[in-house]
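Some notes on the structure that comes next.
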Ligand SMILES: Cc1cc2nc3c(=O)[nH]c(=O)nc-3n(C[C@H](O)[C@H](O)[C@H](O)COP(=O)(O)OP(=O)(O)OC[C@H]3O[C@@H](n4cnc5c(N)ncnc54)[C@H](O)[C@@H]3O)c2cc1C
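Residue numbers (this note's numbering), protein chains in the order written: chain A, 456 to 927; chain B, 14 to 515.
Here it is as structure tokens:
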């Protein structure tokens, strides 16, 4: 029997994005149970969500025009992160989206950087990244041409205004026939060991389905009822458990980057969208529960998909957004679900593969988050084995060890290593065959080409305005 | 660089692995102060049977700046569009694993998913009808792929079949021109540093001794340094890949020049047929538990298309991999690093990969252990993933006509492969990983060719009506057919580009 009825629990962004994706790509009847309350469906309830460039893939698959989305929801664009105080030097480092520099013959740019430094020179990678240069000057328009322009090395995400985004998704999903019931699941009835039959809500309503998505964030209304449920706590490596949020109106142009600053006890993020600035403060506390604070625990559930219940978003994993992974994890989970949509109600092969990929992905993303704190948190326990290997391989060779299901690719890792003042002890030997002057000339040429390209971009606000005009 | 660089490199062995390493290092490290030496022994000789390649070889040749037509003429090379597998799924079956994908995704759902759906509902045509390289191979035709990504003619890649002895010669001339010093002689002793166990020097039968900082062990199966001196240990994979011998012999070409390699399953192994410009390379890979050497030789000779051109060449091997391919100051490349049978022509590619990685992790005198450890992790993954792909060919079969096939069909296989086969059989999903040379298209070709057919539809594909699919399929099928017929014959094309041996 094919799956015909899907029930989605949770009323937040994760739930509505799931509803839209499934309504657009399957022919199932979809009911969304809106559980109300704050939207912590992604894990942590923020007002502005910084997305990674990869989120665009799901948006494209769902025919969402990101420019229209940004214009209509009060969102803006993001080109990376400025990090202060994370390394020993205390300098500000920029982690851009997209590629950095350009190879010279067979030698990768980061090896050229290391060679320049070995000879006493200084190099800041942000000077050789289109995204970083554009972010500094406040200029931006998405590049849609072919690979010939240096602008194609720039990638961008969004600074999504979460309320606007949720409304947008809700509208689109309802237009595609998704129906909504309000209420909170009180009882979960099973057909068999791991197959949910129906859910009884606080309102007394009974909602039946063939397949259930738990998008209820850390409440895990369904996932926590599944047999074998277990939560793997990551606090030993990621001890922050308290988030303070303040959001204020703003009339100045929104910066094209998130600013994250390390503190002795946690970290802080400033992020803007069209009319707002949000400040988040993350710390370890005894959990004061004071007004304006949100308590959380970093970690994941053992199996995101068991039986006919799949947990997506904060219900599957909570990872503080130091590397802006929240929406990415939801978007890739949905793409994966679409690729592995069960061929029948009873099938379980898809879940096995889904869990394999998802757990790999979550642990790799977690390790990237943990890496931020290796310099500042000296009391931390031994790092996960894979992260230890990544660190030692990079320090020894300048090459980034990558695994299956990565969220972050070579340059993301290098840029973070740089921000932490972690540098390799050696570089590609082939670089020694290139004359120093040739490398210097190459660096100058790359920078000149990039600066010229960036100067051709409009200020971000002009671009946003032009898109609003299109939307109107 | 903070630490003292390496100055002297000794490559032990002058087979394909040794000369590829010498050529690549001499080119990539040119202009730097490296002294590169290579030792080979005529008395011992080379394996010399590795003649079929995969498309990656072109990047190796390009990096070194080879002129393709010149290289082909000097190595008597032919073009290769894929491998034909005969009698593998069932006796009488034939499928080609091409260097290219079948069709294109439709409505966001992969082509093979739609194909499987049509196959279940109406039977339809074999998947190979939707592959230009397969159609071209079957027609004996070849031309370079087009650059325009929208053209059907851009949907494939190609590799070569060449004379391994001539390739080694070609590489040798190149390497010697770039300063590599060749030494003829048989190594009779290896001196180790007593404390560290690092190899210090090797001594030859003529009394000469060569020392070096880095030793690349390309000594073939015996693994003179990696095993003989460093005792790295060998991971035996014979329980999964039980073939352990081969007998090889060339013969003259009878009939038109085919642009592909053939692997024909036998009662206890398989026979390769590799067409070169001047001859055909043939060999029988078999498992000595199930067939005698004499019977294996007779089987081979009986199937030759013309009289043998040389004496039979007998080879023995153990499938598996050295436990650590880089140990201390010895890096094993080629047959010394491991052996996976040539069913998918992977050995030369693994050599190429190892050379690239050695350059990426090139050590200095501090001998940072993290370099070898990451190198070994990456090479292990490659070997394991090729291994799984090879096992698939044997295990996914319906053959039950001989004890050999009964063994491989029912043997326990690695869990990772069981999961992969299940995912494909039940739902048409190709499970794949970041590292590993075979992409989705290769897995699909072999699954379907070995009769692992998805049993259920991709539910997302059902949105497209069958009639619409059928129309698209018919169009693609006739396009592939027409395009293949439009290409030159293989022999003509080689002549046209001036790649024929003079
Ligand atoms: C049956 C069979 C078929 C194959 N088919 C293919 C194929 O189609 N495609 C493919 O890619 N690969 C194939 N291969 C693998 C391919 O042949 C090898 O990977 C390739 O030839 C490299 O071999 P090598 O250089 O490592 O070893 P060898 O060719 O064995 O070379 C070893 C070298 O070391 C030297 N040496 C050894 N001991 C000493 C000593 N004591 N002193 C001095 N020198 C010494 C020898 O003289 C020789 O020069 C096949 C292999 C086999 C067995």
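Glycine included, each C-beta is placed from N, C-alpha and C at the ideal position.
Let me confirm a value: residue i is counted as buried when at least 16 other C-beta atoms fall within 10 Å, else exposed. Which label applies?
{"i": "residue 759 (chain A)", "result": "buried"}
{"i": "residue 389 (chain B)", "result": "buried"}
{"i": "residue 347 (chain B)", "result": "buried"}
{"i": "residue 286 (chain B)", "result": "buried"}
{"i": "residue 437 (chain B)", "result": "buried"}
{"i": "residue 34 (chain B)", "result": "buried"}
{"i": "residue 358 (chain B)", "result": "buried"}
{"i": "residue 825 (chain A)", "result": "buried"}
{"i": "residue 72 (chain B)", "result": "exposed"}
{"i": "residue 589 (chain A)", "result": "buried"}
{"i": "residue 334 (chain B)", "result": "buried"}
{"i": "residue 669 (chain A)", "result": "buried"}
{"i": "residue 74 (chain B)", "result": "buried"}
From the DSSP output, in three-state form, read off residue i for me.
{"i": "residue 767 (chain A)", "result": "coil"}
{"i": "residue 822 (chain A)", "result": "helix"}
{"i": "residue 278 (chain B)", "result": "strand"}
{"i": "residue 154 (chain B)", "result": "strand"}
{"i": "residue 14 (chain B)", "result": "With a pLDDT of 44 at residue 14 (chain B), under the threshold of 50, the modelled position of that residue is not reliable, and the figure given next carries that caveat. In this structure, residue 14 (chain B) counts as coil in the three-state DSSP scheme."}
{"i": "residue 213 (chain B)", "result": "strand"}
{"i": "residue 291 (chain B)", "result": "coil"}
{"i": "residue 480 (chain A)", "result": "helix"}
{"i": "residue 84 (chain B)", "result": "helix"}
{"i": "residue 186 (chain B)", "result": "helix"}
{"i": "residue 728 (chain A)", "result": "coil"}
{"i": "residue 499 (chain B)", "result": "coil"}
{"i": "residue 666 (chain A)", "result": "strand"}
{"i": "residue 410 (chain B)", "result": "coil"}
{"i": "residue 251 (chain B)", "result": "coil"}
{"i": "residue 456 (chain A)", "result": "coil"}
Run through chain B and tell me which residues come within less than 9 Å of residue i, C-beta to C-beta.
{"i": "residue 481 (chain A)", "result": "472, 473 and 476"}
{"i": "residue 840 (chain A)", "result": "Chain B residues near residue 840 (chain A): none, gap ~12 Å exceeds 9 Å."}
If I measure Cβ to Cβ from residue i and keep anything under 8 Å in the same chain, skipping five residues before and after, which residues do I get?
{"i": "residue 14 (chain B)", "result": "Residue confidence for residue 14 (chain B) is low, a pLDDT of 44 falling below 50, so the modelled location carries little weight; the figure read from the coordinates is stated next. So the list reads 377, once near-sequence residues are dropped."}
{"i": "residue 150 (chain B)", "result": "94, 95, 97, 109, 111, 271, 272 and 273"}
{"i": "residue 205 (chain B)", "result": "211, 212, 213 and 242"}
Along chain A, which residues have their Cβ under 9 Å away from the Cβ of residue i?
{"i": "residue 342 (chain B)", "result": "Those do not exist, as residue 342 (chain B) stays about 15 Å from chain A at its closest Cβ, beyond 9 Å."}
{"i": "residue 74 (chain B)", "result": "Those do not exist, as residue 74 (chain B) stays about 14 Å from chain A at its closest Cβ, beyond 9 Å."}
So, for residue i: in the same chain, excluding its five sequence neighbours on each side, which residues have a beta-carbon less than 7 Å away from its beta-carbon?
{"i": "residue 508 (chain A)", "result": "552, 610, 611 and 612"}
{"i": "residue 565 (chain A)", "result": "853 and 869"}
{"i": "residue 138 (chain B)", "result": "490"}
{"i": "residue 471 (chain A)", "result": "621, 624, 625 and 628"}
{"i": "residue 117 (chain B)", "result": "124"}
{"i": "residue 844 (chain A)", "result": "856"}
{"i": "residue 866 (chain A)", "result": "554 and 555"}
In chain order, what residues of the same chain have a beta carbon less than 6 Å from the beta carbon of residue i, not counting five sequence neighbours either side?
{"i": "residue 336 (chain B)", "result": "245, 246 and 248"}
{"i": "residue 460 (chain A)", "result": "484, 664 and 665"}
{"i": "residue 339 (chain B)", "result": "385, 388 and 389"}
{"i": "residue 120 (chain B)", "result": "477"}
{"i": "residue 512 (chain B)", "result": "82, 85 and 86"}
Quick one: list the residues of chain B neighbouring residue i, beta-carbon separation under 8 Å, in chain order.
{"i": "residue 783 (chain A)", "result": "By Cβ distance, chain B contributes nothing, its closest Cβ being about 18 Å from residue 783 (chain A), past 8 Å."}
{"i": "residue 883 (chain A)", "result": "372, 373 and 375"}
{"i": "residue 457 (chain A)", "result": "472"}
Please list, in chain order, the chain A residues whose beta carbon lies closer than 7 Å to that of residue i.
{"i": "residue 328 (chain B)", "result": "Near residue 328 (chain B) there are no residues of chain A at all, since even the closest Cβ is about 35 Å away, more than 7 Å."}
{"i": "residue 440 (chain B)", "result": "798, 804 and 805"}
Just the chain A side, please: which residues come within less than 8 Å of residue i by C-beta, in chain order?
{"i": "residue 446 (chain B)", "result": "859"}
Using the beta-carbon of each residue, which ones in chain B are nearer than 7 Å to residue i?
{"i": "residue 848 (chain A)", "result": "383 and 387"}
Exercise for the section: Could you tell me whether the stretch 313 to 321 of chain B touches the stretch 232 to 245 of chain B, using the rule of 3 or more Cβ pairs below 8 Å? Expected result: Taking a cut-off of 8 Å for Cβ pairs, the stretch 313 to 321 of chain B and the stretch 232 to 245 of chain B do not touch, as fewer than three such pairs fall below it.
Practice task
Please determine if the stretch 673 to 693 of chain A and the stretch 791 to 805 of chain A are in contact, where contact requires at least 3 C-beta pairs separated by less than 8 Å.
Solution key: Verdict: no, contact absent.
Practice task
Would you check if the stretch 389 to 400 of chain B and the stretch 437 to 457 of chain B touch, i.e. whether three or more CB-CB distances between them fall below 8 Å?
Solution key: Contact check between the stretch 437 to 457 of chain B and the stretch 389 to 400 of chain B: three or more CB pairs, one atom from each, fall below 8 Å, which counts as touching.
Exercise for the section: Could you tell me whether the stretch 464 to 483 of chain A touches the stretch 498 to 518 of chain A, using the rule of 3 or more Cβ pairs below 8 Å? Expected result: Yes, they touch.
Handout entry: the stretch 804 to 818 of chain A in contact with the stretch 489 to 498 of chain A per 3-pair CB rule at 8 Å
Key = no
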